[in-house]
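A quick write-up on the structure given underneath.
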Amino acid sequence: MNVLPPGTILQLMYLKDRLRQLEPGTFVEIGAGAGNISALLLSMGWTGKAYDLESSTVSALRSRFSVEIQNGQYQAVNEDWLSSDTVGAYDLVISCMVMEHFDDKGERAFIQRGKDSLNENGVMITIVPGSLKHWGIEDEIAGHYRRYTKEAVSKTLADEGMNVVHTAGLTFPVSNILYPLSNYLVRRSEAKKLSLSMVERTKQSGIRNVGMKTTFPKALGLLLNQRVLYPLHILQKIFSGSSSAMVLYCEARPESRR
24 MNVLPPGTIL
34 QLMYLKDRLR
44 QLEPGTFVEI
54 GAGAGNISAL
64 LLSMGWTGKA
74 YDLESSTVSA
84 LRSRFSVEIQ
94 NGQYQAVNED
104 WLSSDTVGAY
114 DLVISCMVME
124 HFDDKGERAF
134 IQRGKDSLNE
144 NGVMITIVPG
154 SLKHWGIEDE
164 IAGHYRRYTK
174 EAVSKTLADE
184 GMNVVHTAGL
194 TFPVSNILYP
204 LSNYLVRRSE
214 AKKLSLSMVE
224 RTKQSGIRNV
234 GMKTTFPKAL
244 GLLLNQRVLY
254 PLHILQKIFS
264 GSSSAMVLYC
274 EARPESRR
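Residue numbers for the sequence shown follow the numbering used here, beginning at 24 and rising by one.
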């Protein structure tokens, strides 16, 4: 198992806490990347489908979840979810670091597609970059159009008929402390991506190879794991209302289905 970045581990720990409050059902994940969220959902009894624009990412997902795919628990699809022919009625529509990749028109279409893909009691979970003052090189390289505040993401969802039922700032203060180092590592490793189109930057943002930022020696797994980081998980929950949190977690349901 690959060693995950501390921020990713903290996000997954918070997501797991929230998912425990939902009855496992069917999900669709948009922009599955390395498949860490899909893995969490599958481990908790969910079944579902993941979409990603990058063919190599989907190939990696199919390799990682070959058993689940064979058992009919999971599908990995190399398509644009917004223009795919089949949608389905899901219990959960989930995305992590995806919505910020769309321009304003695409953002509205993304939310509407999510709304239309939910069944009667469904929920949409969206994780996006937060804290406007932390816009940096990583946003540009990843093909982001924006960072969000809680108020902005809530209004954006509400404008498309979604009722926000829960928000939280995540990874504070860990991501903030590591921010200067993160920018340095990203600039050194990925600055050449700035010459790519926004679409290509988005495609390559799902699985990245930045030493000591997204990839780590296996020995660091002794420190970078949920057990060791549990105190930081408690800390991120204590400071979940901070406007400086660099990750925002949001749950929403269609207005007519509160």
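For each residue, glycine too, the CB sits at the ideal point set by N, CA and C.
Note that the structure is predicted; figures quoted are calculated from it, not measured.
For residue i, three-class secondary structure by DSSP
{"i": "H256", "result": "helix"}
{"i": "V100", "result": "strand"}
{"i": "R12", "result": "Since the first and last residues shown for the chain are 24 and 281, residue 12 lies out of range."}
{"i": "N186", "result": "strand"}
{"i": "P28", "result": "coil"}
{"i": "V110", "result": "coil"}
{"i": "Y202", "result": "helix"}
{"i": "E91", "result": "helix"}
{"i": "I53", "result": "strand"}
{"i": "A275", "result": "strand"}
{"i": "A268", "result": "coil"}
{"i": "M72", "result": "For the sequence presented, residue 72 should be read as Lys rather than Met. Of the three classes helix, strand and coil, the one that applies to K72 here is strand, per DSSP."}
{"i": "G48", "result": "coil"}
{"i": "T238", "result": "strand"}
{"i": "Y168", "result": "coil"}
Exposed unless 16 or more other CB atoms sit within 10 angstroms - verdict on residue i
{"i": "I261", "result": "exposed"}
{"i": "Q259", "result": "buried"}
{"i": "V116", "result": "buried"}
{"i": "S220", "result": "exposed"}
{"i": "Y74", "result": "buried"}
{"i": "P28", "result": "buried"}
{"i": "G184", "result": "exposed"}
{"i": "Y97", "result": "buried"}
{"i": "G145", "result": "buried"}
{"i": "D40", "result": "exposed"}
Proximity below 8 Å, CB of residue i to CB of residue j
{"i": "P277", "j": "K138", "result": "yes"}
{"i": "H189", "j": "M269", "result": "no"}
{"i": "H167", "j": "E223", "result": "no"}
{"i": "I164", "j": "C119", "result": "no"}
{"i": "Y37", "j": "Y272", "result": "yes"}
{"i": "A57", "j": "I230", "result": "yes"}
{"i": "L63", "j": "L84", "result": "no"}
{"i": "V121", "j": "I32", "result": "no"}
{"i": "G192", "j": "G153", "result": "yes"}
{"i": "E77", "j": "K226", "result": "yes"}
Cβ separation of residue i and residue j, assumed to be a contact under 8 Å, to the nearest whole Å
{"i": "R170", "j": "L155", "result": "5 Å"}
{"i": "S266", "j": "T172", "result": "7 Å"}
Threshold first: 4 residues or longer. Then list the alpha helix (DSSP H) segments lying entirely within the segment 115 to 164, N to C.
Listed in chain order, they are 127 to 140.
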